[in-house]
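Sequential numbering from 3 applies to the sequence shown in our numbering. A quick write-up on the structure given underneath.
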Amino acid sequence: MEPLSLFLSNLSTNLSPSAKNLLSVLSKDNIRDIAFECKACIRKRKFSLSSYLLGSLSKLCSSTRSSEFTLNDFHMNYNRNQAEALRMSHKCIHKQLDSDEALAVVKTIVEQSISLFSHKLAKKIKKYLSEDLTTILKALGVKDIILIDGTEIDLQYSCAANFGCQGKGRDRLDGESARPGAKLHVAYSLIQQTFIYIDISEAVGSERDRVLKEYLKDCLLIADRGYIDEELEKSLSDEGIQFLIRGKVNTNGTIVEAFTEDGSILKEYTGKKLKDLPKKLNCDVTIRTTKGNALRIIHRYNPAAKDEDKISILRTNVRRDKLGSKQLYLLYRVRWNIELFNKANKSGNNLKSINSSKKNVILIFILLSLLASIIKTFCGTKAVLKHEITNLSLLKLHKYNDLFADFVNALAYKSRSTIYRIFKELLANIAEFCTRTTPSQRDRILLKDLPLLFWQIANQLGASCKIA
């Protein structure tokens, strides 16, 4: 059975000479050229892949109800915009999509869009970073903070017979296997506000195997406890990559040295096991693991948290003279941004499985959803640069659907002058409607406001980074 596997990266420089900006990447001419290069189109055909993809992308950018997220609706949308003589049966359209060549076309468009973003806008956006975030990056000696996580998509049961898509969870009571699923392994850049790579596998695919070190140079990696692995941590350290990973309360190891928040030595805990630390003690220790590796552990107690979350364990190789234990504890909270990003993609960009059992068709629509996400992030970044926005809201941007749908629809069916007019209106509307509101008192107390969180970290740097 063929595996469910697909990889998207931003290291690609696969840009055609004509693809100089977003409008040219998404133009019908560029998509047509890619289709010929990928052999999805060998000669002129009745079916227009470029029109179908742009029309589908327009629907994915809009507020589409679950009942409308079907192949039937996408096929009808295509035929609705075609002359009578060019309309095709749904079966014929489905056959055109179910090919490795059609999937390669969409994958190339997505990679070109990622490359365009990383090469054209990544450097420009850095001057709009908050002063506090810049201070944190400088203290760590990194260029970016990368958040990684996996998000799952349920597939139809019939998919299990066609390709490897084993789902997580227990078998059903009637003896049937768990629902098939796909997992997206996402590496999200806090600076660029979009993914730097995505690896798609079956739902049971290992998260730790999808940590790609070549994309993490000069970065701090933040991950949850699903990425705990001593071999991974050692390989990251050997490559000079800093990490901050949430640990487990039952982490095993012998304490080599222990410090309080202000840098005072806690000699009484040297030689003891990590589990012997008092539950309510906030401290910063170095342990020797059972495999003989040295590891810095942050032990924090939060009385306001739920019972299972009162004690926090963080595993890291960040040196103590860079960031203290409290700063790292606060910095881990930015991992919530990748949760928001995945949520925004599912609710705002229709990141879910289409009603098909064919691997290529399913992956095409997943990629189109990701392309919708890239388009929105790209336009949001352009709005930041043009209108000098300092408080863009990621969630609002990805849920602001109507004008994005008009913009993509114009790419498929309108003149260039109309496209530029709608694009200009889009940037102005992003500046007006997609900015953050003043955080509530509750969000301020719970440190859910990102600028406030960065301020707290940056303004405590000098106070607690005393341990050489």
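Virtual Cβ for every residue (Gly too), placed ideally from N, Cα, C.
By the 16-neighbour rule on beta-carbons within 10 angstroms, residue 42 is buried. The Cβ-Cβ distance between residue 200 and residue 10 falls below 7 Å.
Counting only the Cα atoms, residue 156 lies some 29 Å from residue 308. About 4 Å separates the Cβ atoms of residue 60 and residue 410, confirming a contact at the 8 Å cut-off.
Listed in chain order, the alpha helix (DSSP H) runs fully inside the region 133-167 are 133-142, counting runs of at least 4 residues.
The residue among 361, 375 and 328 with its C-alpha nearest the C-alpha of residue 461 is 328. Cβ neighbours of residue 127 within its own chain (closer than 6 Å, five residues either side excluded): 383. For residue 257, the enclosing beta strand (DSSP E) stretches over residues 256-261. In this structure, the CA atom of residue 321 is about 11 Å from the CA atom of residue 286.
DSSP places residue 382 inside the alpha helix (DSSP H), whose first and last residues are 361-389. From the listed residues 362, 233 and 140, the smallest Cα separation to residue 107 is found for 362. Bridge pairing for residue 316: 248 and 300 [DSSP]. Looking at the DSSP output, residue 224 sits in a beta bridge with 149 and 246.
Within the DSSP bridge table, the entry for residue 190 names 149 and 197 as partners.
Measuring C-alpha to C-alpha distances from residue 274 to each of 282, 267 and 258 identifies 258 as the nearest. With a threshold of 16 other beta carbon atoms within 10 Å, residue 390 falls short and is exposed. Residue 182 and residue 169 have their alpha carbons spaced roughly 4 Å apart. Within the same chain, Cβ atoms closer than 6 Å to the Cβ of residue 110 are found at 36, the five residues on either side in sequence being excluded. Per DSSP, residue 71 lies in no beta strand (DSSP E) segment and is marked neither H nor E. Taking 7 Å as the cut-off, the beta carbon of residue 132 is found closer than this to the beta carbon of residue 456. Rounded to the nearest angstrom, the Cβ distance from residue 214 to residue 244 is 16 Å, too far for a contact under 8 Å. The beta-carbon distance between residue 255 and residue 289, rounded to whole angstroms, is 3 Å. This is short enough to meet the 8 Å contact definition.
A distance of 7 Å or more separates the beta carbons of residue 387 and residue 28. Under DSSP, residue 202 takes part in a beta bridge, and its partners are 8 and 186. Counting only unbroken stretches of 4 or more residues, the alpha helix (DSSP H) elements lying wholly within the region 109-134 are 124-127, in sequence order.
DSSP places residue 392 outside both helix and strand once states are collapsed to three, so it counts as coil.
Ranked by Cα distance from residue 354, the options 62, 40 and 7 are led by 62. The beta carbons of residue 295 and residue 232 sit closer together than 7 Å.
For residue 150, the CB contacts under 6 Å within the same chain, skipping 5 residues up- and downstream, are 189 and 225 in chain order. Residue 185 is a Cβ neighbour of residue 203, given a cutoff of 7 Å.
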